[in-house]
Amino acid sequence: MLAIILRARPSRAASRANLDDPQELEPQAPGRRQFEWTIRRALSMLSWAFCAMTGWTPAVSQSQIVGIGLVQGAGLGFLFVPLSSTGLATLSPKDRTEGAGVYNLARNIGSSVGISVVNALLTRNIQINHAEIVRHVTAVNRAFDLPAISQFWNPVTDAGRAALDSLITTQAEIIAYIDDYKLLMIATLAVFPLLLVFKKADGGGGGHAVEL
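Numbering (the numbering used here), first residue to last: 1 to 212.
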């Protein structure tokens with residue numbers, strides 16, 4: 001066993017030669033096929049997570065939230081790590097510091113714009129859904145003649161109107177969140193065709209890099 005370990009251990013000369021050769025220290029990006037499969041797996045996980053979130057209601061269980069959150073986190077890890085490593089591997093060593101800064105800046109700007117758009121759509125859809133539901137809630141609606149409903153949501157009394165408005169707002173928020181999750185799912189699925197534009201890099205940092 002000791003002889004096997006000694007034979008497998010690299011010599012000091014070989015280690016020093018690897019350190020002296022700058023080509024040995026350059027990161028190697030995955031090939032195109034491995035890159036595409038990794039990104040495809042990440043996008044599939046994110047699409048499934050957003051699709052599952054379209055069925056969420058206030059009654060969603062904690063286990064569902066944790067499970068879908070784990071899948072979504074793993075999908076983001078499979079997505080951004082290959083993108084950053086592959087993108088920086090196409091650059092020469094002297095440009096990788098600036099490239100990492102530009103990449104992080106673009107990622108932060110993109111996430112900020114995405115969050116702002118989603119929040120704006122959420123607020124807008126809540127108001128639209130609330131107004132749409134209120135159109136069907138009138139004092140002449142025969143559903144309020146039922147004792148089980150008029151006991152809690154009587155549009156004639158102040159307490160009944162307040163409870164009814166709270167219920168309508170909750171339903172409007174649920175629909176708005178579902179619309180946002182559906183939009184994110186469609187946006188994630190729309191990224192799949194972009195994988196066709198990736199090609200092998202002719203030069204740059206690594207011989208196996210993939211670039212746009």
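Cβ coordinates follow ideal geometry from the N, Cα and C atoms, glycine included.
Over what stretch of residues does the alpha helix (DSSP H) that includes residue i continue unbroken?
i       : result
Arg-135 : No alpha helix (DSSP H) contains Arg-135, which DSSP labels as neither H nor E.
Lys-182 : 158 to 189
Leu-83  : 62 to 89
Can you tell me whether DSSP reads residue i as helix, strand or coil?
i       : result
Ala-143 : helix
Gln-151 : coil
Gly-55  : coil
Ser-111 : helix
Ser-47  : helix
Leu-6   : Caution applies to Leu-6, whose pLDDT of 39 falls short of 50 and renders its modelled position unreliable; the value that the coordinates give is listed next. Correct three-state label for Leu-6: helix.
Ser-92  : coil
**Request:** Decide yes or no for the touch test of the stretch 31 to 48 against the stretch 78 to 96: beta carbon pairs closer than 8 Å, at least 3 of them.
**Result:** yes
**Message:** Does the contact criterion of 3 or more C-beta pairs under 8 Å hold for the stretch 55 to 73 versus the stretch 90 to 99?
**Reply:** no
**Message:** For the stretch 109 to 125 against the stretch 178 to 189, do three or more pairs of beta-carbon atoms, one drawn from each stretch, fall closer than 8 Å, so that the two count as touching?
**Reply:** yes
**Prompt:** With a cut-off of 8 Å, do at least 3 Cβ pairs link the stretch 139 to 159 to the stretch 97 to 112?
**Reply:** no
**Message:** Under 8 Å, with one C-beta from each stretch per pair, do the stretch 129 to 147 and the stretch 186 to 194 reach the 3-pair mark?
**Reply:** no
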